[in-house]
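Trainee: Right, I'll just put the structure down here and ask away after.
Numbering (the working numbering), first residue to last: 3 to 188.
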């Protein structure tokens, strides 16, 4: 598999839940993996294009992958959201612009959920399809939660006063009816 093939495969599979690496990063990592003996490379001549390098995972590469999968602890995901950063500083921007941003985010979440559900509907009956279902199912749940949050945010942004000030009663009422019910309030 070439670096280009690896990028295409990542874009069609893990990019739905793990940031797909840039092509330059893939080639850097392939060189590093080759130096470690985890992949072997061979040149393939092409008459109409520059030669390409194909990579194959070695036995030690398979062992290293298995070791990483089985022995590297995972931690909770860190959220890095441009939208949430804008919402956090929402009192410094135009209300209509912020509402448009949240609405666009909600609409993209809906489209993303539909795309993933279609993807998952075609993933059955093959070896390993359970793992595709489990990962896609988690991402769909996350995307639906984003949609729910965006709907709540839109309702609150559209009904807030000019100063976006909330009383403790308003905060408690909103938390009681939303997915934010796990937040502690005074």
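Note that the Cβ used here is the ideal one computed from N, Cα and C, for glycine as well.
Could you pull the DSSP bridge partners for residue 85 from this structure?
Mentor: Bridge partners of residue 85: none, in fact.
Trainee: Taking its Cβ as the centre, do 16 or more other Cβ atoms sit within 10 Å of residue 81, making it buried, or is it exposed?
Mentor: Its Cβ having fewer than 16 others within 10 Å, residue 81 is exposed.
Trainee: Look up residue 25 in the DSSP assignment and say whether it is helix, strand or coil.
Mentor: Reduced to three states, the DSSP call for residue 25 is helix.
Trainee: Look at the alpha carbon of residue 157 and the alpha carbon of residue 94, and state the distance between them as a whole number of angstroms.
Mentor: Near 19 Å, if we compare the C-alpha coordinates of residue 94 and residue 157.
Trainee: Can you name, in chain order, every residue of its own chain whose Cβ lies under 8 Å from the Cβ of residue 104, other than the five neighbours on each side?
Mentor: Within the same chain, residue 104 has close Cβ partners 85, 89, 152, 155, 156 and 159.
Trainee: On a Cα-Cα basis, can you pick out the residue from 171, 175 and 79 that is closest to residue 144?
Mentor: Comparing Cα positions, the closest option is 79.
Trainee: What's the gap between the Cα of residue 16 and the Cα of residue 40?
Mentor: Whole-angstrom Cα-Cα distance: 21 Å.
Trainee: Are the beta-carbon atoms of residue 43 and residue 55 separated by less than 8 Å?
Mentor: A contact, by the Cβ cut-off of 8 Å.
Trainee: Give every residue of the same chain whose Cβ lies closer than 7 Å to the Cβ of residue 5, excluding the five residues on either side of it in the sequence, and list them in chain order.
Mentor: Around residue 5: 25, 28, 29 and 32.
Trainee: Starting from residue 58, follow its DSSP beta bridges and name the residues at the other end.
Mentor: Per DSSP, 42.
Trainee: Got a sec? Which residues, its chain only, sit under 7 Å from residue 119 by beta carbon, not counting five neighbours each side?
Mentor: Excluding positions up to five away in sequence, the list reads 142.
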